[in-house]
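Enquirer: My questions all concern the structure below.
In structure tokens, the structure reads:
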């Protein structure tokens, strides 16, 4: 649920806790979708910030993989111009290692050691990506510059951590993310990572630093060849549609899963809610055997018509217990028969209106085992 | 019609929006003909090109392109073609020597790209690297240095209008490695991947292989609804190449 992810980020850090962090993961098979999802979440967070509904006052985008124009254009298409939204782009794309500056100074024989070039449209060119400490300081410096009353919170989006991992070691990148999360001014962080570019332990280490993980998965996987990136037969499908699987770890330790479908529409991505969770889970849990384990429509309606125990039949008659195995009168005559729910008969016959059982049927709509938090939709 | 010897299918599949093109090939189906076609297309269209060659000397390309109707020597003299012969790529065991060599190489490329920009019309500028597997060898296996250099070349394509980067990589070298190293990184960077592979049925006289063109459809593209994955057969000729769908040849 992309909107749930955006709300999670906009609510920011709670008192006494570190900033929430969302990791968006996507492999090569659906990388345009993963990048689109990342841009969508960042833009969603940005619009919440612009509307004043977020804890943060502004957004800092640390851009490695794409030119700043890509973010500016995307934001502009969503109606987020610079006069509406307070944001800074830390441009680690144009000159990450300072080569251009070196060439420029060699040509022009001047020794201007300025770290940042003239910033138009709030874009700051950063030229030493190998120095993670400097990167962190620059991000915090930019974030501290947003206008606003009260605590000057800001959010950070990093695109992508995979590129940063090329320039810096895993411990230093982990340190950067931890330090950003624990920094007082950081409200929330979101980053994009491509797990197939790194060893599994590296992507796991970075994932541990997040509090919410959103995986963009291909909608079609070739069962024969598995996930070999060279396989093009499903690419056309996988580049336009995918699954968005979100794993959120709550404060009490429970992990919640959310699913959504994701598709490319023109220059943008669109999220479509997936079929209900339990259906998906059921479909994947059913073993592939030769007999039918699913219910047909008639069987489903018959099941719905079964009278449940403890249900009030509404016509003044005493409640009959139906255990589903034998017809009711037989059961009552059989002395050996002890249905599970025979207590109620005894209870209603014995005391005068004592020991009644009131049964309220669970809502029909709610799927079993769903632990959806009804407060999630609140948009105060 | 095959005006530039390129065949409509390849042109159609490539479209116009892509900025970074990665060409993958293998021993059974070499794709250097794709580079030749793209070079000819770049020069014939009135644009300029920078060719980084590690595989062959200039005379080889001159001979090949001449048969295709394109005079490389003339273009080189007229400063429309900038040919970098990199078989003796300077590198050393000294720390940072390789990175410095790449900085120097990049500065040369940036200079010629900017030099081409001084004209009024922003004509197409194509940078072709043949090939990046040899570049990795020249960099003594330092994938990070190669990727840094390629990243800077990619920034040229986004900063300058009409700048195209074409990189050739031999996919079969990396097929066995876990992680796939450079190949996977390139597939991420690419807007368009052209992959040459042999036919599954084996060698044939009329068909030299099949070409898959995958357009990743990045979000900044202008034609979002277009077909993203193409697959067709090719036959390499002296003066170019033919592209056709399977079964459409007699």
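Residue numbers (my numbering), protein chains in the order written: chain A, 14 to 393; chain B, 1143 to 1392. Think of the CB as a built atom: it goes at the ideal place given N, C-alpha and C, for glycine as much as any other residue.
With 9 angstroms as the limit, tell me which residues of the stretch 30-56 of chain A have their beta carbon closer than that to any beta carbon of chain B; keep them in chain order.
Expert: Here the close residues are 41, 44, 45, 48, 49, 52.
Enquirer: Checking contacts by CB at 7 angstroms: is residue 1176 (chain B) closer than that to chain A?
Expert: So no, residue 1176 (chain B) is outside the interface.
Enquirer: Among residues of its own chain, excluding the 5 on either side of residue 1273 (chain B), which ones have a beta-carbon nearer than 7 angstroms to its beta-carbon?
Expert: The answer, listed in chain order, is 1196, 1197, 1310, 1311, 1312.
Enquirer: Please decide whether residue 223 (chain A) counts as near chain B, where near means a Cβ-Cβ distance under 7 angstroms.
Expert: Not an interface residue.
Enquirer: Taking 8 angstroms as the cut-off, does the stretch 1278-1291 of chain B touch the stretch 1154-1161 of chain B (at least 3 CB pairs, one atom from each stretch)?
Expert: No: the two stretches stay apart, fewer than three of their Cβ pairs being nearer than 8 angstroms.
Enquirer: Going by the CB atoms, is the gap between residue 186 (chain A) and residue 193 (chain A) shorter than 7 angstroms?
Expert: Their beta carbons are not under 7 angstroms apart, which means residue 193 (chain A) does not touch residue 186 (chain A) by this criterion.
Enquirer: To which residues does DSSP link residue 1357 (chain B) through a beta bridge?
Expert: Answer by DSSP bridge pairing, in chain order: B:1334.
Enquirer: So, does the stretch 21-35 of chain A touch the stretch 202-211 of chain A, judging by three or more C-beta pairs under 8 angstroms?
Expert: Touching, yes, given that three or more Cβ pairs across the two stretches are closer than 8 angstroms.
Enquirer: DSSP state of residue 1252 (chain B), grouped into three classes?
Expert: Looking at residue 1252 (chain B) - three-state DSSP - the assignment turns out to be helix.
Enquirer: Mind checking residue 306 (chain A): buried by the 16 CB within 10 Å criterion, or exposed?
Expert: Classification for residue 306 (chain A): exposed.
Enquirer: Under 7 angstroms between the Cβ atoms of residue 64 (chain A) and residue 72 (chain A)?
Expert: Cβ atoms of residue 64 (chain A) and residue 72 (chain A): not closer than 7 angstroms.
Enquirer: Can you tell me the Cα-Cα spacing of residue 39 (chain A) and residue 195 (chain A), whole angstroms?
Expert: Going from the Cα of residue 39 (chain A) to the Cα of residue 195 (chain A) covers about 26 angstroms.
Enquirer: Taking 7 angstroms as the CB-CB cut-off, is residue 1226 (chain B) touching chain A?
Expert: No, no contact with chain A.
Enquirer: Looking only at its own chain, which residues have a Cβ that is under 6 angstroms from the Cβ of residue 1152 (chain B), when we skip the five neighbours before and after it?
Expert: If we look at residue 1152 (chain B) and ignore the five residues flanking it on each side, its Cβ neighbours are 1385.
Enquirer: Going along chain A, which residues have a C-beta under 7 angstroms from residue 1181 (chain B)?
Expert: What residue 1181 (chain B) touches in chain A: nothing, since even the nearest Cβ is about 26 angstroms away.
Enquirer: How would you list, in chain order, the residues of chain A whose beta-carbon sits under 8 angstroms from the beta-carbon of residue 1252 (chain B)?
Expert: Those within 8 angstroms of residue 1252 (chain B) in chain A are 113, 116.
Enquirer: With distances taken between CB atoms, is the gap from residue 1352 (chain B) to residue 1332 (chain B) smaller than 7 angstroms?
Expert: For residue 1352 (chain B) and residue 1332 (chain B), no; Cβs fall outside 7 angstroms.
Enquirer: The beta strand (DSSP E) that contains residue 1200 (chain B), what's its start and end?
Expert: First-last for residue 1200 (chain B): 1200-1209, but that is the alpha helix (DSSP H), not the beta strand (DSSP E).
Enquirer: Can you give, in chain order, each stretch of the alpha helix (DSSP H) that sits fully within the stretch 19-80 of chain A and has at least 4 residues?
Expert: For the stretch 19-80 of chain A, whole alpha helix (DSSP H) runs of length 4 or above, ordered along the chain, are 44-63.
Enquirer: Who pairs with residue 229 (chain A) in a beta bridge, going by DSSP?
Expert: A:39, A:257.
Enquirer: Determine the chain A residues that contact residue 1249 (chain B) at a beta-carbon separation under 7 angstroms, and present them in chain order.
Expert: Ordered by position in chain A, the residues that pass the 7 angstroms Cβ test against residue 1249 (chain B) are 116.
Enquirer: Measuring only the C-alpha atoms, how far is residue 34 (chain A) from residue 223 (chain A)?
Expert: Looking at the two C-alpha atoms, the distance is approximately 5 angstroms.
Enquirer: Residue 106 (chain A) versus chain B: which residues are under 7 angstroms apart at the beta carbon?
Expert: By Cβ distance, chain B contributes 1297.
Enquirer: Indicate whether at least one CB of chain A lies closer than 7 angstroms to the CB of residue 1245 (chain B).
Expert: It does; some Cβ of chain A falls within 7 angstroms.
Enquirer: Just to confirm my understanding: we take residue 1210 (chain B), look at its own chain, exclude 5 residues before and 5 after, and list those with CB closer than 6 angstroms. What are they?
Expert: Same-chain partners within the cutoff: 1147, 1182, 1381, 1382.
Enquirer: Can you grab the Cα-Cα spacing for the pair residue 1155 (chain B) / residue 1336 (chain B), in whole Å?
Expert: Roughly 10 angstroms between the two C-alpha positions.
Enquirer: Where does residue 438 (chain A) fall in DSSP's three states?
Expert: Chain A is shown from 14 up to 393; residue 438 (chain A) falls before or after that span and cannot be answered.
Enquirer: Exposed or buried, residue 1374 (chain B), counting other C-beta atoms within 10 Å across all chains shown (16 or more means buried)?
Expert: Label assigned to residue 1374 (chain B): buried.
Enquirer: DSSP three-state label for residue 1373 (chain B), please.
Expert: DSSP places residue 1373 (chain B) in strand when its eight states are reduced to three.
Enquirer: Using beta-carbon positions only, say whether residue 220 (chain A) and residue 36 (chain A) come within less than 7 angstroms of one another.
Expert: Yes; because the gap between Cβ atoms is below 7 angstroms, this pair is in contact.
Enquirer: Using three-state DSSP, classify residue 1293 (chain B) as helix, strand or coil.
Expert: Residue 1293 (chain B) falls in the helix class under three-state DSSP.
Enquirer: For residue 1300 (chain B), return the contacting residues in chain A, with the cut-off set at a CB-CB distance below 9 angstroms.
Expert: Here the neighbours are 79, 80, 82, 83, 106, 107.
Enquirer: Here's the rule I'm using: 16 or more other beta-carbon atoms within 10 Å means buried, otherwise exposed. How should residue 368 (chain A) be labelled?
Expert: Exposed, by the Cβ-count rule.
Enquirer: Just the chain A side, please: which residues come within less than 7 angstroms of residue 1290 (chain B) by C-beta, in chain order?
Expert: Residues of chain A passing the Cβ test: 110.
Enquirer: Between residue 1286 (chain B) and chain A, is any beta-carbon pair separated by less than 7 angstroms?
Expert: Judged by the 7 angstroms Cβ criterion, residue 1286 (chain B) is in contact with chain A.
Enquirer: Sort out for me which residues DSSP pairs residue 272 (chain A) with in a bridge.
Expert: DSSP lists A:258 as partners of residue 272 (chain A).
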